[in-house]
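Numbering (this note's numbering), first residue to last: 111 to 394.
Just so you know, even glycine gets a beta-carbon here, dropped at the ideal spot from N, CA and C.
Keep in mind that this is a model prediction, so the values were computed, not measured.
Heads up: the structure comes next, in structure tokens.
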């Protein structure tokens, strides 16, 4: 992200943004891009309007044009009611929307977003998703980094999966899910002390080692495409009942991008999960 936005020189290789070489023409690249970092870069002692007006002045839009653009963006991002309040009174979601608005002041051709919904509550994250969908619908090009694979699944036309600095897969969401195939069976046990038993029993029915989510008391196993997931679930429930492992909830679903990441890397995209042998898996 830093290389593409001309903030860091690469050790090797080359890159282009909007047809411009980031090393040979960094100033021209900066003229056509916008950047919203992982944390909202706004001045909390200024009002929302003053923040956007200041960015417009820095882009040399002129006083009247900068003020008009600030008012326009505050309306677009549903911040007009709070435009004259200091940003320190804003919620986290409001600050993220203001930061994104600031990245759009100069109407960039390409917008870079570094984990734009990190730290937001579910409602604020949903609001931000709606904003990003509207931006794409209006013709903007977005490059977004995220650790929330659900977010990539919902927003991205094309996804690049990176694990420890290396690209391991690329394609649309459906293309990546097709690499996993089959379906996923999930079982939530009533007693966390029986997770190991549940993993052993279900693991014998799946095509790969089951994934155990200790904090959720859940065991997840991928099912081969030539065997219906429903029959695996029924057989698994019979095995669990025979060993008196109480089940609180069950589910059968299609693979998600989390399943894709697990299949490609052998570990979860988030910290804190373990495989059947109890080994803690690394994050990415």
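Residue 99: which of 323, 222 and 203 sits nearest, CA to CA?
Nothing about residue 99 can be read from this structure; the chain reaches only from 111 to 394.
Assigned secondary structure, residue 337 (DSSP; H/G/I helix, E/B strand, else coil)
coil
Across which residues does DSSP place residue 284 in a beta bridge pair?
For residue 284, which the question treats as bridged, DSSP gives no partner whatsoever.
Measure the beta-carbon distance from residue 256 to residue 219 and round it to whole angstroms, keeping in mind my assumption that it falls under 8 angstroms.
So it is not a contact: roughly 21 angstroms between Cβ atoms.
With respect to the alpha helix (DSSP H) encompassing residue 271, which residues constitute its N-terminal and C-terminal limits?
It is not in any alpha helix (DSSP H) - residue 271 instead sits in the beta strand (DSSP E) that spans 269-273.
CA-CA distance, residue 301 and residue 357?
8 angstroms
Residue ranges of each beta strand (DSSP E) run of no fewer than 3 residues wholly in the stretch 112-157, ordered along the chain?
143-146
Would you identify the three-state DSSP class for residue 300, choosing helix, strand or coil?
coil
Tell me residue 159's beta-bridge partners as DSSP assigns them.
DSSP lists no partner for residue 159.
Go through its chain and collect everything with a Cβ distance to residue 352's Cβ below 7 angstroms, but skip five positions before and after it.
none
Three-state secondary structure (DSSP) of residue 224
strand
Residue 68 to residue 280, Cα distance in whole Å?
The structure shown has nothing for residue 68, since the chain only spans 111 to 394.
Identify, in the order they occur along the chain, each residue of the same chain with its Cβ nearer than 7 angstroms to the Cβ of residue 308, setting aside the five sequence neighbours on each side.
297, 299, 329, 350 and 355
Spell out a yes or no on whether the stretch 319-328 and the stretch 337-350 are touching, meaning 3 or more CB-CB pairs, one atom from each, closer than 8 angstroms.
no
Considering Cα atoms alone, identify which of 221, 253, 155 and 192 is closest to residue 141.
221
In the structure shown, what three-state DSSP assignment does residue 321 receive?
strand
Can you find the residues in the same chain that come closer than 8 angstroms, C-beta to C-beta, to residue 345, ignoring five residues on each side of it along the sequence?
315
Runs of beta strand (DSSP E) lying entirely within the stretch 175-259, each at least 3 residues, in chain order
220-224 and 251-255
What residues match up with residue 361 in a beta bridge as DSSP calls it?
296
Tell me the residue span of the alpha helix (DSSP H) that contains residue 306.
305-313
Measuring alpha carbon to alpha carbon, tell me which of 285, 212, 249 and 115 ends up nearest residue 165.
212
Label residue 162 either buried or exposed according to how many other C-beta atoms from any shown protein chain fall within 10 Å of its C-beta, with 16 as the threshold for buried.
buried
What separation, rounded to the nearest whole angstrom, lies between the Cα atoms of residue 181 and residue 190?
7 angstroms
Just reading off the alpha helix (DSSP H) that residue 355 is part of, what are its end residues?
Element bounds for residue 355: n/a, residue is neither H nor E.
In whole angstroms, what is the alpha-carbon distance linking residue 391 and residue 371?
At residue 391 the pLDDT is 33, less than 50, meaning the model places this residue with poor confidence; the figure from the coordinates comes in the next sentence. Those two C-alpha atoms are separated by around 13 angstroms.
Do residue 362 and residue 293 come within 8 angstroms of each other at the CB atom, strictly closer than that value?
yes
Please go through the same chain and pick out, in chain order, the residues whose beta-carbon is closer than 6 angstroms to the beta-carbon of residue 138, but skip the five residues on each side of it.
130
Pair every Cβ in the stretch 270-285 with every Cβ in the stretch 241-251, then say whether three or more of these pairs are closer than 8 angstroms.
no
DSSP three-state assignment for residue 327, whether helix, strand or coil:
coil
So residue 184 and residue 147 are supposed to be a Cβ contact under 8 angstroms. How far apart are they, rounded?
That pair is no contact at about 20 angstroms.
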